[in-house]
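**Q** Start counting the sequence shown at -19; every next residue gets the next number (our numbering).
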Amino acid sequence: WYVADAIENSGQGVAYAKNDHLGFSVFYLWNGSRRRFVPDFLVRLSNGKTLVLEIKGEDSEQNRAKRSALDAWVKGVNAKGGFGAWSWDVAFQPAQIQDIVQRHGLNA
């Protein structure tokens, strides 16, 4: 499990869960239809943030639409307040995961 090892070895991941049957999803529009996007991981960072982490091999227009909706969701939940601080990122290569977790964990 490369992702788990990368999160644990980052020094910034306190807890994490594969977003499978957790009920966390973000809605987005694609070709005029409302669709549901289920990001891959939720990571609690040492600075208290929750990082929504998506793992992708190749990018596409649909994936960019998903990330745009996720970006809007994170901005909205952070602006609303009361749910802690959230951030999001995407890794296109396994080697990026540890750096992503470290970067978000160090930023306040």
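The beta carbon of each residue, even a glycine, is placed where N, CA and C say it ideally should be. Predicted, not measured: the structure shown is a model, and the values here were computed from it.
How do the stretch 5 to 14 and the stretch -19 to -8 stand: do at least 3 beta-carbon pairs fall below 8 Å, yes or no?
**A** With the cut-off at 8 Å, the stretch 5 to 14 and the stretch -19 to -8 do not touch.
**Q** So, helix, strand or coil for residue 6, using DSSP?
**A** If DSSP states are grouped into helix, strand and coil, residue 6 belongs with the strands.
**Q** So, is residue -6 buried or exposed, given that buried needs 16 or more other C-beta atoms within 10 angstroms?
**A** Classification for residue -6: exposed.
**Q** Relative to the C-alpha of residue 6, which candidate in -2, 16, -3, -1 has its C-alpha closest?
**A** Residue 6 has its Cα closest to that of 16, out of -2, 16, -3, -1.
**Q** Quick test of the definition: if touching needs 3 or more C-beta pairs under 8 Å, does the stretch 23 to 39 touch the stretch 69 to 84?
**A** Result yes; three or more Cβ-Cβ pairs closer than 8 Å.
**Q** Residues bridged to residue 67 by DSSP?
**A** For residue 67, which the question treats as bridged, DSSP gives the partners 31.
**Q** When the Cα atoms are used, what is the spatial distance from residue 47 to residue 34?
**A** Distance between the alpha carbons of residue 47 and residue 34: 9 Å.
**Q** Can you tell me whether residue 75 is buried or exposed? The criterion is at least 16 other CB atoms within 10 Å of its CB, across all chains shown.
**A** Flag for residue 75 reads exposed.
**Q** Can you find the residues in the same chain that come closer than 6 Å, C-beta to C-beta, to residue 72, ignoring five residues on each side of it along the sequence?
**A** Counting only Cβ-Cβ distances below 6 Å, and skipping sequence neighbours, we find 36.
**Q** Looking at residue 25 and residue 78, is the spacing between their C-beta atoms short of 8 Å?
**A** Against a cut-off of 8 Å, the Cβ pair of residue 25 and residue 78 comes out as no contact.
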